[in-house]
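Protein chains in written order, with UniProt numbering: chain A, 1 to 285; chain B, 1 to 346. A quick write-up on the structure given underneath.
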Ligand SMILES: Nc1ncnc2c1ncn2[C@@H]1O[C@H](COP(=O)(O)OP(=O)(O)O)[C@@H](O)[C@H]1O
Ligand SMILES: [Mg+2]
């Protein structure tokens with residue numbers, strides 16, 4: 001097929017392989033439109049006045065930033081935003097630290113019961129969150145964690161998925177690096193922190209992105225575990241625009257639009273670390 | 001500065017023994033090369049000395065201290081790995097400085113030592129590069145720099161040159177040997193390459209299947225190999241081994257299983273040169289001719305064996321012709337046909 005793409009044979013390819021391509025592009029295009037339309041409408045609606053929101057044109061007739069001013073100055077939106085940021089950042093840092101600590105241990109140390117521990121961790125992946133919410137709630141109630149930051153965060157401080165992901169990545173770190181560091185006199189914790197962790201930055205970035213996004217948008221558990229408005233996270237807070245004085249779509253959309261900003265930042269900052277092949281450079285070429 | 005001593009050292013993986021109770025004393029400042037075929041237990045032995053592998057039995061002493069239970073970092077040894085294992089996320093400078101991780105020197109003092117090590121290894125212009133921007137030879141030099149900057153009691157090398165091309169390997173052999181001469185530190189060096197062993201070692205330790213067959217200076221091993229395996233392993237091309245019998249001091253090739261094995265190095269088995277009173281004469285049909293320049297290797301079949309002999313450079317020997325090769329007195333190594341142990345020379 002490679003020869004077909006040379007300029008000289010272009011006319012032929014038009015009829016030969018385009019059907020497949022066209023199909024692929026069409027599917028991708030439709031998928032893209034489906035994904036991006038709600039986002040465009042979100043931004044569009046956030047620029048409309050309350051009276052215009054059912055006027056479904058994409059470009060608002062008289063765009064205004066009034067909604068933004070209102071969302072940011074009235075009510076507790078900023079507080080919710082900071083709550084979400086605090087929760088998502090804490091949980092992300094905790095996952096990056098503990099998931100990789102456990103993943104590294106499972107990948108690089110041989111000890112009795114290692115496989116058993118690993119299987120036990122993996123098996124928790126099979127339990128759906130819905131089933132866990134009630135035990136979490138009862139546990140929080142008994143321990144007095146309801147309606148607190150810790151109560152929102154504790155179920156996600158470590159995840160089986162993150163541990164699994166990190167274990168798989170640490171297994172690709174050659175033992176030679178670890179042994180070289182041992183010879184250089186580092187203790188095991190420092191070897192993990194100074195040598196192994198920098199070698200898996202792509203995985204750490206991916207884990208951080210997933211965890212941050214997951215917690216930034218988390219709705220169900222924060223809703224259940226909090227009662228005071230001061231502790232609402234952004235998604236929970238946004239729904240209060242809907243329940244109190246009818247549904248204020250323009251306010252919800254404005255809040256949601258602001259809420260996307262940190263996710264974009266996190267993604268843009270971290271994705272450049274997701275580059276392959278860092279690790280091999282220290283070994284034979 | 002340190003001496004190493006292995007006493008009845010044993011290693012088993014699960015139930016599989018891989019090192020069978022070896023004894024060895026390495027005096028201070030000696031350059032010892034462990035050599036043997038792949039899988040014979042060289043790395044395992046070295047890694048036990050390093051402390052990276054647990055000892056299953058026996059003792060390892062560094063100086064007069066038993067180190068079986070001592071952590072690698074407490075042993076004050078530095079190791080260079082086959083794959084270099086320099087940290088890819090650090091610059092050359094940081095990599096070398098990592099060798100000083102545990103030292104209590106001031107920052108300035110450390111920097112000075114790093115610079116000195118880099119200068120010694122010709123790495124000064126590369127100090128701020130990352131490993132990905134270095135060639136194989138440069139990476140290995142960084143690994144050596146990281147090892148030497150700490151001024152350890154001993155160096156351990158595990159096949160450090162086997163990933164380099166032939167030319168670079170020859171150059172690095174000389175560099176490492178020169179480094180040893182200047183630093184005078186004890187070195188235990190593992191390789192499967194007998195040329196490396198011959199050219200670098202003060203003493204060669206020949207290993208096979210978890211046993212030490214012979215530990216002696218290179219020329220001693222070359223001249224008086226302790227058994228057939230060592231005789232064939234050291235020296236290229238390998239020593240010819242033929243079943244032989246001895247009648248009243250006269251050697252002749254034997255058929256089938258013989259009480260004796262005669263070993264003759266190709267270099268000592270000559271074609272076309274006059275040998276007075278030869279110890280052994282072999283005749284056969286030439287199967288291959290390899291001119292090397294200064295001399296020519298002649299392969300032929302004799303006594304049912306494949307034999308390699310040498311002929312003068314410009315001798316005209318054709319494949320298929322018959323040749324007679326002879327070895328002078330004192331050039332034939334005799335081995336016991338059953339145990340393959342050396343019995344002396346004839
Ligand atoms: N971690 C291990 N588990 C089981 N067997 C091993 C392990 N490491 C090495 N071996 C075995 O021990 C023997 C010696 O290995 P090694 O010391 O690496 O040989 P060499 O370095 O001489 O090539 C080999 O047969 C190898 O298969
Ligand atoms: Mg080895």
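In this text, a Cβ means the ideal position worked out from N, Cα and C, and glycines have one as well.
Inter-residue spacing [alpha-carbon to alpha-carbon] between residue 200 of chain B and residue 171 of chain B
In the second chain, counting from the first residue as 1, residue 200 of chain B sits at position 200. In the second chain, counting from the first residue as 1, residue 171 of chain B sits at position 171. Roughly 12 Å separates the two Cα atoms.
Span of the alpha helix (DSSP H), counted from its first residue to its last, around residue 218 of chain B
As a first step, residue 218 of chain B is located in the second chain; it is residue number 218 there, counting from the start. 218 to 223 is the span of the alpha helix (DSSP H), which, as asked, contains residue 218 of chain B.
Give the DSSP-derived three-state secondary structure of residue 247 of chain A in the structure shown.
In the first chain, counting from the first residue as 1, residue 247 of chain A sits at position 247. Looking at residue 247 of chain A - three-state DSSP - the assignment turns out to be coil, as it is neither helix nor strand.
List, in chain order, every chain A residue whose beta-carbon is nearer than 8 Å to that of residue 330 of chain B.
Counting from 1 along the second chain, the entry for residue 330 of chain B is found at position 330. Neighbours of residue 330 of chain B on chain A: none; closest Cβ ~45 Å, over 8 Å.
State yes or no: is the beta carbon of residue 183 of chain A nearer than 7 Å to at least one beta carbon in chain E?
The structure shown contains no chain E; its protein chains are A and B.
Residues of the region 177 to 203 of chain A whose Cβ lies closer than 7 Å to any Cβ of chain B, in chain order
177, 179, 180, 182, 183, 184, 185, 186, 195, 198, 199
Segment contact, 8 Å Cβ cut-off, at least three pairs: the region 141 to 159 of chain B with the region 87 to 96 of chain B
yes
Helix, strand or coil at residue 346 of chain B according to DSSP, with G and I counted as helix
Within the second chain, the letter at position 346 stands for residue 346 of chain B. Correct three-state label for residue 346 of chain B: coil.
Roughly how many angstroms lie between the CA atoms of residue 29 of chain B and residue 184 of chain B, to the nearest whole one?
Residue numbering aside, residue 29 of chain B sits at position 29 when the second chain is read from its first letter. Residue numbering aside, residue 184 of chain B sits at position 184 when the second chain is read from its first letter. Cα to Cα, the separation comes out at about 5 Å.
Interface positions of the region 85 to 113 of chain B facing chain A (Cβ-Cβ less than 7 Å), listed along the chain
85, 86, 87, 88, 89, 98, 99, 101, 102
Is residue 208 of chain B a contact residue of ligand 1, with contact defined as CB to any heavy atom under 6 Å?
In the second chain, the residue the question calls residue 208 of chain B occupies position 208. Answer for residue 208 of chain B: no, Cβ out of range of ligand 1.
Looking only at its chain, what residues have a beta carbon closer than 6 Å to the beta carbon of residue 7 of chain A, apart from the 5 residues adjacent to it on each side?
On the first chain, position 7 is the one that residue 7 of chain A refers to. Note that residue 7 of chain A has pLDDT 45, beneath the 50 cutoff, so the model's placement of it is unreliable and no number is given.
Residue 65 of chain A, enclosing beta strand (DSSP E) - first and last residue:
Locating residue 65 of chain A in the first chain gives position 65, where the first residue counts as 1. Careful: residue 65 of chain A lies outside any beta strand (DSSP E) and carries neither H nor E.
Considering just the uninterrupted stretch of the alpha helix (DSSP H) at residue 205 of chain A, what are its terminal residues?
Residue mapping note: residue 205 of chain A aligns to position 205 of the first chain, counting from 1. Start and end: 201 to 216.
Under 7 Å between C-beta atoms, does residue 12 of chain B make it to chain A?
Along the second chain, one-based indexing puts residue 12 of chain B at 12. No, its Cβ sits nowhere closer than 7 Å to a Cβ of chain A.
Roughly how many whole angstroms lie between the Cα atoms of residue 226 of chain B and residue 209 of chain B?
On the second chain, position 226 is the one that residue 226 of chain B refers to. On the second chain, position 209 is the one that residue 209 of chain B refers to. For residue 226 of chain B and residue 209 of chain B, the distance between alpha carbons rounds to 16 Å.
In the region 72 to 85 of chain B, which residues sit with their C-beta less than 8 Å from some C-beta in chain A, listed in chain order?
72, 73, 77, 78, 79, 81, 82, 83, 84, 85
Whole angstroms are fine: how far does the CA of residue 206 of chain A sit from the CA of residue 164 of chain A?
Locating residue 164 of chain A in the first chain gives position 164, where the first residue counts as 1. Locating residue 206 of chain A in the first chain gives position 206, where the first residue counts as 1. Cα to Cα, the separation comes out at about 13 Å.
Can residue 162 of chain B be considered in contact with ligand 2, in the sense that its beta carbon sits closer than 6 Å to one or more heavy atoms?
One-based indexing of the second chain puts residue 162 of chain B at position 162. No - ligand 2 has no heavy atom lying nearer than 6 Å to the Cβ of residue 162 of chain B.
Three-state secondary structure assigned by DSSP to residue 220 of chain A
Start at 1 with the first residue of the first chain, and residue 220 of chain A comes out as number 220. Helix at residue 220 of chain A.
Beta carbons nearer than 9 Å to chain A: which residues of the region 46 to 69 of chain B have them?
47, 50, 51, 52
Runs of beta strand (DSSP E) wholly within the region 67 to 133 of chain B (minimum 3 residues, chain order):
77 to 80
Starting from the N-terminal end, write out each residue whose C-beta falls within a distance shorter than 5 Å of any non-hydrogen atom of ligand 1.
B:13, B:18, B:38, B:39, B:40, B:41, B:42, B:43, B:44
Reduced DSSP category for residue 267 of chain B - H, G, I as helix; E, B as strand; rest coil
By 1-based counting over the second chain, the position of residue 267 of chain B is 267. Reduced to three states, the DSSP call for residue 267 of chain B is helix.
By the 10 Å Cβ neighbour count, where 16 or more other Cβ atoms means buried, how is residue 314 of chain A classified, buried or exposed?
Chain A is shown only over 1 to 285; residue 314 of chain A falls outside these bounds and no answer can be derived.
So what's residue 333 of chain B in DSSP terms, helix, strand or just coil?
If you number the second chain from 1, residue 333 of chain B lands on position 333. Reduced to three states, the DSSP call for residue 333 of chain B is strand.
Using a 10 Å radius around the Cβ and a threshold of 16 neighbouring Cβ atoms, would you call residue 323 of chain B buried or exposed?
Here residue 323 of chain B is taken as the residue at index 323 of the second chain, counted from 1. That one is buried.
Hey, quick one: how far does the beta strand (DSSP E) through residue 137 of chain A stretch, first residue to last?
Residue numbering aside, residue 137 of chain A sits at position 137 when the first chain is read from its first letter. Residue 137 of chain A -> not in any beta strand (DSSP E); alpha helix (DSSP H) instead, spanning 129 to 143.
Report yes if the C-beta distance between residue 197 of chain A and residue 99 of chain A is below 7 Å; otherwise report no.
As a first step, residue 197 of chain A is located in the first chain; it is residue number 197 there, counting from the start. As a first step, residue 99 of chain A is located in the first chain; it is residue number 99 there, counting from the start. Not a contact, by the Cβ cut-off of 7 Å.
Closer than 8 Å, Cβ to any Cβ of chain B: which residues of the region 152 to 178 of chain A, in chain order?
174, 176, 177
Straight-line Cα distance separating residue 114 of chain B from residue 134 of chain B
As a first step, residue 134 of chain B must be located in the second chain, where it is residue number 134. As a first step, residue 114 of chain B must be located in the second chain, where it is residue number 114. For residue 134 of chain B and residue 114 of chain B, the distance between alpha carbons rounds to 18 Å.
State the beta-bridge partners of residue 81 of chain A as determined by DSSP.
In the first chain, counting from the first residue as 1, residue 81 of chain A sits at position 81. Residue 81 of chain A pairs with nothing; no bridge assigned.
Secondary structure at residue 48 of chain A, three-state DSSP: helix, strand or coil?
On the first chain, position 48 is the one that residue 48 of chain A refers to. Coil at residue 48 of chain A, not helix or strand.
Which whole-angstrom value is the C-beta distance of residue 46 of chain B and residue 158 of chain B, which I expect to be below 8 Å?
For the purposes of this step, residue 46 of chain B is taken as the residue at position 46 of the second chain. For the purposes of this step, residue 158 of chain B is taken as the residue at position 158 of the second chain. Contact holds; Cβ gap of about 6 Å.
Using DSSP with H/G/I as helix, E/B as strand and the rest coil, what is residue 240 of chain B?
As a position in the second chain, residue 240 of chain B is number 240, starting the count at 1. Strand, per DSSP.
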